[in-house]
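Everything below concerns the one structure shown next.
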Amino acid sequence: MSTNKEAWGSRIGLILAMAGNAVGFGNFLRFPVQAVQNGGGAFIIPYLTCFLLMGIPLLFIEWSIGRYGGNKGFHSTPFMMHSLDKRAIWKYVGVFGIFSNIGIAAYYCYLESWTLSYTMHSAIGTFTGMTQAQVIQLFSDYISIDKATLIPFESIVFFIICLAINIFILSKGLKGGVERVAKIGMPLLIIFGIFLAIKAVTLKAGTDGAVNDGIVGLNFLWTPDFSSIWSPKVWLAAAGQIFFTLSVGMGSIQCYSSYLKKNDDIALNAMSAGWMNEFVEVVLGGAIIIPICIGYLGIDKIKELAELGGLAIGFKTLPYLFSQWGAALGAISGVMWFGLLFFAGITSSLAMGTPVMSFLMDEFNFTRNKSALTFGLVILILGLPTVLFFNQGVFDEYDYWTGTFSLFVFAMAETILFAWFFGITKGWAEITRGADIRVSIIFKYVIRYITPVLLIFVFIGALISPENSDWSGAFSSLFSGNGWPLENGSILKQLTNASLNEQIQNAVDSVTRDELITKKWLINGARALLLSVFLGISYLVYIAHKKRTKLKEENL
Amino acid sequence: MNTSALILMTISVVSIAAITVYYFIKVLFSKKQ
Chain E
28 MSTNKEAWGS
38 RIGLILAMAG
48 NAVGFGNFLR
58 FPVQAVQNGG
68 GAFIIPYLTC
78 FLLMGIPLLF
88 IEWSIGRYGG
98 NKGFHSTPFM
108 MHSLDKRAIW
118 KYVGVFGIFS
128 NIGIAAYYCY
138 LESWTLSYTM
148 HSAIGTFTGM
158 TQAQVIQLFS
168 DYISIDKATL
178 IPFESIVFFI
188 ICLAINIFIL
198 SKGLKGGVER
208 VAKIGMPLLI
218 IFGIFLAIKA
228 VTLKAGTDGA
238 VNDGIVGLNF
248 LWTPDFSSIW
258 SPKVWLAAAG
268 QIFFTLSVGM
278 GSIQCYSSYL
288 KKNDDIALNA
298 MSAGWMNEFV
308 EVVLGGAIII
318 PICIGYLGID
328 KIKELAELGG
338 LAIGFKTLPY
348 LFSQWGAALG
358 AISGVMWFGL
368 LFFAGITSSL
378 AMGTPVMSFL
388 MDEFNFTRNK
398 SALTFGLVIL
408 ILGLPTVLFF
418 NQGVFDEYDY
428 WTGTFSLFVF
438 AMAETILFAW
448 FFGITKGWAE
458 ITRGADIRVS
468 IIFKYVIRYI
478 TPVLLIFVFI
488 GALISPENSD
498 WSGAFSSLFS
508 GNGWPLENGS
518 ILKQLTNASL
528 NEQIQNAVDS
538 VTRDELITKK
548 WLINGARALL
558 LSVFLGISYL
568 VYIAHKKRTK
578 LKEENL
Chain L
56 MNTSALILMT
66 ISVVSIAAIT
76 VYYFIKVLFS
86 KKQ
């Protein structure tokens, strides 16, 4: 029935592709900012604890589900989940494993296209001689679409180029496309990262306009505030970071792993790819943006920038700081920085395309080229609202519902399915079969009891996150009869557009009010679009299931 | 650099790098390729 004849060419290729899937923008832009905002060096304690109790168990679970499903001929999560337990609901829970990839790729490829464009701008010396205000203005013009940058509608042009590159690589298949890019991209990414990290930590105050040594930045990042360890907010941030950095809860790990043979190792492969991601995040990611920014802008400024997030530092600040190193070195460093981000991005976006293609090839007999093109077209259509209405918050809306909410829901569901419905005895046998390392029996109990509980806690934490992340204050308020003070960022408040409604109510003039009302329409429109994508995939899964059942009956 | 920052950074960076290299070498020298 299936036209899917994909296979990995080598074990190293698979590990680099898996590590490439995990290594993304977050390793360089999100992790250091999270560390700065959540206890500095002390953040590493909850972070590594979550890696051991949630990250590694989820990697084992997803690799196992993938290999198990793959050996039954399923390469996408709806039918993989159904192969673990025959209740029909799991097929539709598995829809998240396709939906997340489509929804995330729609805005992620746009972000990826920025890195491609900025690599070119760095190479041709656009940033040379610019003031910081000019670099910030260039970025604003770039995302505003209507303002001219290098070429008209530059962000749309680069978005389409980026999609074309993704489609081309995906159409070459796992071995000839994804694996080949990972084998080139990952070593280059690590070399670029090492170069920039060395340059950052060896900055000298008084040289090239630097006001601090690079070591001052490392000192700032790693100075621990041990009191933060007792804050639930810090643990939620650490768990969230582990989640995003490992790309778990998406369905892409399961898809890559589904092309393994029954007795191939998954334990060592999972550990190798997982720890490689940690190396890139903690060792390299922690040594680039904070030391460079503190070296040039000082500690007060980095605290201010951290509030705006890693993207602001990466695109509005670093190009200017690199230009302080002179025209040639500035251009090289810019190419390396944005090139590194591009490789981090493309290895991840390819991992998002593969499950979608596998679903189309498995269930609807699409050829590889046709499925790659279909994926590209869907991402173009779904991604355009994030490009056109970036400033109206559509990009953030996609990120929230597909890149955060869906991942947690899916990871929670798959963990419960694997440990409780499929059963930990069978699950443990899956994890350890063909293993090239001895996996500690402790993980068997962690997967059954600790990981699901931790995931449920994190999800509840996000659902009812209290005002100012003050949990003790929220409980006091609840017990004294004043209710639970929800934060605007909590899932419940997000659902009702609480923050936006407040802004509309407090708008001082009619122009601002109209703009905010339009923004609300666009945000609700984005949600409706994402919901219809989810329902559309569910319908395709229903059709595919019918086809499979009919075929089975005919064969009997 | 202050002592606690230096100790935390050294332990974290060295152990993560060592574990990464350890697993990667194990893969490289594994019979199953």
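Sequence order for the protein chains is E and L.
According to the numbering used here, the residues represented by the first sequence are 28 to 583, in order.
According to the numbering used here, the residues represented by the second sequence are 56 to 88, in order.
Even glycine gets a Cβ: it sits at the ideal position worked out from N, Cα and C.
Pop quiz: residue i and residue j are said to be a contact at Cβ under 8 angstroms. What is the actual Cβ separation, rounded to whole angstroms?
i                 : j                 : result
Tyr585 of chain E : Gly430 of chain E : This structure cannot settle anything about residue 585 of chain E, because the visible part of chain E is limited to 28 through 583.
Thr523 of chain E : Gln419 of chain E : Wrong, their Cβ atoms sit about 18 angstroms apart, outside the cutoff.
Arg134 of chain E : Phe422 of chain E : Note that residue 134 of chain E is Tyr in the sequence shown, not Arg. The pair is a contact, with the Cβ atoms about 5 angstroms apart (cut-off 8 angstroms).
Phe219 of chain E : Ser433 of chain E : With a Cβ gap of about 31 angstroms, Phe219 of chain E and Ser433 of chain E do not count as contacting.
Leu197 of chain E : Ala438 of chain E : Their Cβ separation, rounded to whole angstroms, is 25 angstroms, which puts Leu197 of chain E and Ala438 of chain E out of contact at 8 angstroms.
Pro73 of chain E  : Val261 of chain E : 6 angstroms
Gly200 of chain E : Glu89 of chain E  : Contact doesn't hold; Cβ gap of about 22 angstroms is too wide.
Ile83 of chain E  : Glu441 of chain E : Rounded, the Cβ-Cβ distance is 15 angstroms, inconsistent with contact.
Val122 of chain E : Ile408 of chain E : Actually they are not in contact, since the Cβ atoms of Val122 of chain E and Ile408 of chain E sit about 19 angstroms apart, beyond 8 angstroms.
Ile256 of chain E : Leu400 of chain E : At roughly 50 angstroms, the Cβ-Cβ gap does not stay under 8 angstroms, so Ile256 of chain E and Leu400 of chain E are not in contact.
Gly357 of chain E : Thr158 of chain E : Between Thr158 of chain E and Gly357 of chain E the Cβ distance is about 14 angstroms, and since that is not below 8 angstroms, they are no contact.
Lys343 of chain E : Phe52 of chain E  : Not a contact, Cβ separation roughly 15 angstroms.
Pro382 of chain E : Gly124 of chain E : 6 angstroms
Phe70 of chain E  : Ala62 of chain E  : 4 angstroms
Asn239 of chain E : Gly322 of chain E : 5 angstroms
What residues of chain E sit near residue i, judged by a beta carbon separation below 8 angstroms?
i                : result
Thr58 of chain L : Those do not exist, as Thr58 of chain L stays about 10 angstroms from chain E at its closest Cβ, beyond 8 angstroms.
Would you decide whether residue i is buried or exposed? Buried here means 16 or more other CB atoms lie within 10 Å of its CB.
i                 : result
Gln532 of chain E : exposed
Trp447 of chain E : exposed
Ser254 of chain E : exposed
Ala160 of chain E : exposed
Asp463 of chain E : buried
Leu19 of chain E  : Because chain E spans 28 through 583 in this model, residue 19 of chain E falls outside it and cannot be assessed.
Lys573 of chain E : exposed
Tyr585 of chain E : Only positions 28 to 583 of chain E appear in the structure, and residue 585 of chain E is not among them; the question remains open.
Asn128 of chain E : buried
Phe506 of chain E : exposed
Phe84 of chain L  : exposed
Asp536 of chain E : exposed
Leu332 of chain E : buried
Leu63 of chain L  : buried
Ile458 of chain E : buried
Starting from the Cα of residue i, find the closest Cα among the options and give me that residue.
i                 : options                                : result
His148 of chain E : E:Phe349, E:Leu201, E:Ala133           : E:Phe349
Ala60 of chain L  : E:Phe58, E:Ala46, E:Phe123, E:Gly66    : E:Gly66
Gln530 of chain E : E:Leu543, E:Lys520, E:Val309, E:Val466 : E:Leu543
Tyr95 of chain E  : E:Val535, E:Ile321, E:Lys577, E:Ala456 : E:Ala456
Ser103 of chain E : E:Phe393, E:Asp389, E:Asp423           : E:Asp389
Leu80 of chain E  : E:Phe470, E:Trp548, E:Ser559, E:Phe561 : E:Phe470
Val275 of chain E : E:Ser110, E:Leu481, E:Phe435, E:Ala34  : E:Phe435
Ile518 of chain E : E:Ala264, E:Thr381, E:Ile256, E:Ala489 : E:Ala489
Phe445 of chain E : E:Phe58, E:Val538, E:Trp117            : E:Trp117
Ala227 of chain E : E:Ile151, E:Ala175, E:Cys320, E:Trp249 : E:Cys320
Pro59 of chain E  : E:Leu273, E:Lys289, E:Gly341           : E:Gly341
Asp112 of chain E : E:Asp536, E:Arg540, E:Asn528, E:Ile443 : E:Ile443
Ile373 of chain E : E:Met213, E:Ala224, E:Ala358           : E:Met213
Leu324 of chain E : E:Val473, E:Tyr119, E:Leu230           : E:Leu230
Ala525 of chain E : E:Asn509, E:Ser503, E:Leu505, E:Ile550 : E:Ile550
Lys288 of chain E : E:Lys210, E:Leu338, E:Trp35            : E:Trp35
Ser559 of chain E : E:Val405, E:Ser496, E:Gly508           : E:Val405
Ile131 of chain E : E:Pro512, E:Glu424, E:Leu345, E:Val473 : E:Glu424
Leu263 of chain E : E:Ser360, E:Val466, E:Phe78            : E:Phe78
Thr478 of chain E : E:Thr576, E:Glu305, E:Ala266           : E:Ala266
Glu514 of chain E : E:Asp497, E:Ile225, E:Asn528, E:Met277 : E:Asp497
Run through chain L and tell me which residues come within less than 7 angstroms of residue i, C-beta to C-beta.
i                 : result
Ser299 of chain E : Tyr78, Phe79, Val82
Asn246 of chain E : Met56, Asn57, Ala60
Ile42 of chain E  : Val82
Trp249 of chain E : Ala60, Leu63, Met64
Phe306 of chain E : Ile71, Ala72, Thr75
What in chain B is Cβ-close to residue i, meaning under 9 angstroms?
i                 : result
Asp463 of chain E : No chain B appears in the structure shown, which is made up of the protein chains E and L.
What does residue i touch in chain L if you count any residue whose Cβ is under 8 angstroms from its own?
i                 : result
Arg38 of chain E  : Val82, Ser85, Lys87, Gln88
Leu230 of chain E : Simply none; closest approach about 14 angstroms.
Leu295 of chain E : Tyr78, Lys81, Val82, Ser85
At a CB-CB cut-off below 9 angstroms, which residues of chain L make contact with residue i?
i                 : result
Val364 of chain E : This sequence places Trp at residue 364 of chain E; Val is not what is there. None at all; the shortest Cβ gap to chain L is about 21 angstroms.
Trp257 of chain E : Ordered by position in chain L, no residue passes the 9 angstroms Cβ test against Trp257 of chain E, which lies about 17 angstroms from the chain.
**Report entry** Cβ contact check for the segment 183 to 194 of chain E and the segment 270 to 290 of chain E: 3 or more pairs under 8 angstroms
**Finding:** no
Requested in this report: Give a yes or no on contact between the segment 39 to 48 of chain E and the segment 297 to 307 of chain E, applying the rule of three or more CB pairs nearer than 8 angstroms.
Outcome: yes
Query - Cβ contact check for the segment 168 to 185 of chain E and the segment 387 to 404 of chain E: 3 or more pairs under 8 angstroms - result: no
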